[in-house]
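*Asks:* Next up is a structure, given as structure tokens.
Number of protein chains: 2
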Amino acid sequence: MGAVQARMESALSRLLPPAHVAPARLHEAMRYAALGGGKRVRPLLSFAAGEVSSAAPERLEVAAAAVELIHAYSLVHDDLPCMDDDVLRRGKPSVHVEYNEATALLVGDALQTLAFQLLAEHRLADEPRAQLEMVKLLAVAAGSRGMAGGQQIDLEATGKTLALAELEFMHIHKTGALIRAAVLIGAACGKPLAEAERAHLDRYAKAVGLAFQVVDDLLDYEGSTATLGKTAGKDSKQGKPTYVSAIGVPPARELAQELRADAHAALAGLGSRGARLAALADFVVLRKF
Amino acid sequence: MGAVQARMESALSRLLPPAHVAPARLHEAMRYAALGGGKRVRPLLSFAAGEVSSAAPERLEVAAAAVELIHAYSLVHDDLPCMDDDVLRRGKPSVHVEYNEATALLVGDALQTLAFQLLAEHRLADEPRAQLEMVKLLAVAAGSRGMAGGQQIDLEATGKTLALAELEFMHIHKTGALIRAAVLIGAACGKPLAEAERAHLDRYAKAVGLAFQVVDDLLDYEGSTATLGKTAGKDSKQGKPTYVSAIGVPPARELAQELRADAHAALAGLGSRGARLAALADFVVLRKF
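Those protein sequences? They're chains A and B, same order as listed.
Every letter in the first sequence is one number past the one before it in the working numbering, and letter 228, counting from 1, is 228.
Every letter in the second sequence is one number past the one before it in the working numbering, and letter 237, counting from 1, is 526.
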């Protein structure tokens with residue numbers, strides 16, 4: 001995991017515009033937002049999924065960077081005063097605090113654009129057609145019927161009590177869609193998979209995506225700001241429905257374990273090629289930050 | 290022109306998510322932002338450039354929609370309080386006024402994503418490789434070294450006096466890059482062009498892009514809010530450098546005519562296939578709104 005994280009840091013640093021190129025302040029702020037932190041869960045998933053299809057690391061690092069830039073943009077916009085209004089991210093001041101709101105807005109916008117640029121300008125699949133599929137996958141995952149849509153559902157849910165099914169619907173969009181894209185785009189960098197193998201990955205990604213969110217809710221409830229590198233207890237203070245508020249701590253812990261087991265079960269058909277994905281499902285559920 | 294505008298309205302309406310699909314409020318706001326207004330200058334340019342390469346209108350409308358969605362997203366974000374803080378757009382309340390700031394942020398984000406989705410999921414070129422080139426073209430034009438970068442330069446220039454060359458540099462990014470993309474992406478929907486023909490289009494696009502901005506500055510100075518459908522005199526009130534403030538009204542008018550002549554000259558090598566582009570250069574310079 002450490003090797004992939006280090007590789008991603010260096011790949012992102014290379015793929016982001018240099019801080020001295022005009023407009024320098026925008027580029028500096030884009031680098032501030034995307035470098036030097038984060039668990040890189042999505043890139044880890046892309047690399048692990050790439051093991052299933054024997055994908056080359058040179059392709060995986062670019063594809064994973066595209067997914068991670070979408071994630072980074074969403075955090076920058078999410079922290080803005082009109083959204084979650086958070087001043088702390090990855091243990092540092094949020095982008096709009098370190099720079100200003102207008103720059104943070106443009107940073108998010110430009111990080112999103114760069115994600116699609118990366119998928120178009122590097123060779124990431126044997127066939128250009130397959131690469132266009134990656135662009136589509138990422139766009140659908142990030143857009144109004146994916147991550148951005150999940151944010152909107154989240155906005156509208158604040159202050160309300162959601163049923164478990166509604167909470168799940170929200171998170172399948174808000175976090176799950178991009179995690180699914182990280183897995184499928186990683187796999188798409190390698191040899192074409194059989195339909196059944198893709199279905200296994202899809203089921204795995206859905207379970208891991210939800211598990212990630214359940215654990216996030218538990219950590220937000222139990223963790224400290226110092227450990228998390230972001231403001232702890234924020235969700236409940238803002239009246240956001242969470243798995244903890246919906247079903248309580250012990251059932252949320254149980255649910256995370258069930259999803260972990262489901263993720264493992266989904267990998268059964270992939271044999272040893274799924275070993276890294278299995279380890280990541282454990283990491284997602286057992287992490288403390 | 291009216292036929293292309295009507296065709297674009299209907300294409301955009303079909304390509305945007307329906308307002309009744311969840312998350313309904315986000316989709317409704319995306320449609321509010323992108324439909325029912327605008328001169329559709331960029332789509333007009335795409336269609337006119339498509340005449341040069343005999344592109345099919347079924348492809349052109351999708352490619353032009355992608356460019357127009359990038360433009361629409363930039364307007365939504367540009368109107369936000371942390372940017373230009375404008376309450377009026379195309380004669381209607383801005384998105385953040387009609388909805389709220391958080392929704393306007395997500396509307397812009399999701400419109401940008403949809404632009405790339407459209408370029409990936411429809412067949413727009415004979416070869417998938419050429420279509421990946423379109424994705425790249427649009428991303429470079431919209432990103433930190435194109436439109437978003439121009440916005441950042443604009444932010445930093447507010448309250449300053451810029452030399453004519455600096456003003457031009459800002460506008461080549463802020464408006465010019467996307468106008469160039471509209472022309473080149475439109476042409477890319479048809480038969481491959483010779484290198485020289487592409488160079489003609491590029492020179493044309495650069496001239497028209499700058500002419501568009503010079504005329505915009507003149508209209509902002511001379512026009513009324515009712516005619517423009519957006520707040521008139523805004524730029525000078527906000528201390529933004531414009532062609533009017535940099536060189537004065539008569540020289541700005543002269544510059545617009547020079548750029549119009551340059552646009553026409555660039556088309557000379559294309560013969561009758563450039564007739565529509567020539568007419569558009571006239572429209573851009575002679576328009577009153």
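Backbone N, C-alpha and C fix where the C-beta goes; we use that ideal spot for every residue, glycine too.
Listing by chain order, which chain B residues have their CB less than 8 Å from the CB of A:V140?
*Replies:* Under the 8 Å cutoff, chain B gives Q406.
*Asks:* So with Cβ pairs under 9 Å, would you call B:I468 a contact of chain A?
*Replies:* Judged by the 9 Å Cβ criterion, B:I468 is not in contact with chain A.
*Asks:* Measure from the C-beta of B:L566 to each C-beta in chain A and report whether the shortest distance is under 9 Å.
*Replies:* B:L566 does not count as touching chain A.
*Asks:* From A:S10 to A:P23, what distance separates their C-alpha atoms?
*Replies:* Those two C-alpha atoms are separated by around 22 Å.
*Asks:* What separation, rounded to the nearest whole angstrom, lies between the Cα atoms of B:D506 and B:D375?
*Replies:* Each residue's Cα considered, the two are about 16 Å apart.
*Asks:* Would you say B:D398 faces chain A, with C-beta separation under 9 Å as the test?
*Replies:* So, interface residue.
*Asks:* Looking only at C-alpha atoms, which of B:E387, B:V396, B:Y493, B:L377 sits nearest to B:L358?
*Replies:* When each option's Cα is compared against that of B:L358, the closest is B:V396.
*Asks:* Going along the segment 7 to 27 of chain A in order, which residues come within less than 7 Å of chain B, judged by CB to CB distance?
*Replies:* Listed by position along the chain: P17, P23, R25, L26, H27.
*Asks:* Pop quiz: A:L119 and A:A66 are said to be a contact at Cβ under 8 Å. What is the actual Cβ separation, rounded to whole angstroms?
*Replies:* Indeed, because the Cβ distance is near 5 Å, the residues count as touching under 8 Å.
*Asks:* Take the Cβ of B:Q527 as the centre, count every other Cβ of all protein chains shown within 10 Å, and call the residue buried at 16 or more, exposed below.
*Replies:* B:Q527 comes out exposed.
*Asks:* Since A:R276 sits in a beta bridge, which residues does DSSP pair it with?
*Replies:* DSSP lists no partner for A:R276.
*Asks:* Would you verify that the beta carbon of A:G143 is, or is not, closer than 9 Å to some beta carbon of chain B?
*Replies:* A:G143 counts as touching chain B.
*Asks:* Give the single residue among A:R145, A:A232, A:T242, A:L35 whose Cα lies nearest to the Cα of A:A165.
*Replies:* Closest option to A:A165, Cα to Cα, is A:T242.
*Asks:* With a threshold of 16 other CB atoms inside 10 Å of the CB of A:G159, please say whether the residue is buried or exposed.
*Replies:* Its Cβ having fewer than 16 others within 10 Å, A:G159 is exposed.
*Asks:* Using 8 Å for Cβ pairs, my map puts A:V183 next to A:L201. What's the rounded Cβ distance?
*Replies:* At roughly 5 Å, the Cβ-Cβ gap stays under 8 Å, so A:V183 and A:L201 are in contact.
*Asks:* Using the three-state DSSP reduction, which class does B:K381 fall into: helix, strand or coil?
*Replies:* It is a strand residue.
*Asks:* Pick helix, strand or coil for B:R418, following the three-state DSSP scheme.
*Replies:* The answer is helix: DSSP assigns B:R418 an H, G or I state.
*Asks:* Quick one: which unbroken beta strand (DSSP E) runs of 3-plus residues sit fully inside the segment 28 to 74 of chain A? Chain order, please.
*Replies:* Qualifying beta strand (DSSP E) stretches: none in this window.
*Asks:* Taking all protein chains shown into account, do 16 or more other C-beta atoms lie within 10 angstroms of the C-beta of B:Q546, making it buried, or fewer, making it exposed?
*Replies:* The residue in question, B:Q546, is exposed, as its Cβ has fewer than 16 Cβ neighbours within 10 Å.
*Asks:* A:G146 and A:A177 look like a contact to me (Cβ under 8 Å); what is the Cβ gap, rounded to whole Å?
*Replies:* Confirmed, about 4 Å.
*Asks:* Report the residue from A:K174, A:Y32, A:G143, A:A48 whose alpha carbon sits nearest the alpha carbon of A:A157.
*Replies:* The candidate whose alpha carbon is nearest that of A:A157 is A:K174.
*Asks:* Residues in the same chain with beta-carbon distance under 7 Å from A:H27, minus the five sequence neighbours each way, listed in chain order, please.
*Replies:* The residues are P17, P18, A19, V21.
*Asks:* Could you name the residues of chain A that B:R418 contacts, counting a contact when the two beta carbons are closer than 7 Å?
*Replies:* Result: P128.
*Asks:* Taking B:A430 as the reference, give the member of B:A452, B:E410, B:I468 with the closest Cα.
*Replies:* Comparing Cα-Cα distances from B:A430 to each of B:A452, B:E410, B:I468, the minimum goes to B:I468.
*Asks:* For the alpha helix (DSSP H) holding A:Q152, just list the boundary residues, first then last.
*Replies:* Element bounds for A:Q152: 147 to 157.
*Asks:* Please confirm if A:I153 has its CB atom under 9 Å from at least one CB of chain B.
*Replies:* Yes, A:I153 counts as interfacial toward chain B.
*Asks:* Against chain A, does B:Q502 count as a neighbour if the rule is that its beta carbon must be under 9 Å from one of theirs?
*Replies:* No, B:Q502 lies away from the interface with chain A (no Cβ there is under 9 Å from its Cβ).
*Asks:* For A:Q213, collect the residues of the same chain with a Cβ closer than 6 Å to its Cβ; drop the 5 residues on either side in sequence, then sort them by chain order.
*Replies:* Cβ neighbours of A:Q213 beyond the five flanking positions: H171, T175.
*Asks:* What residue range does the alpha helix (DSSP H) around B:T392 cover?
*Replies:* Counting along the chain, the alpha helix (DSSP H) containing B:T392 begins and ends at 390 to 410.
*Asks:* If we define contact as Cβ-Cβ less than 9 Å, is A:C82 a contact residue for chain B?
*Replies:* Cβ-Cβ to chain B under 9 Å: yes for A:C82.
*Asks:* Give, in chain order, every residue of the segment 354 to 367 of chain B whose Cβ lies closer than 9 Å to some Cβ of chain A.
*Replies:* Residues I359, Y362, S363, H366.
*Asks:* Run through DSSP, which three-state label would A:M83 get?
*Replies:* Note: A:M83 maps to coil in three-state DSSP.
*Asks:* Whole angstroms are fine: how far does the CA of A:V76 sit from the CA of A:Q131?
*Replies:* Their backbone Cα atoms lie some 27 Å apart in a straight line.
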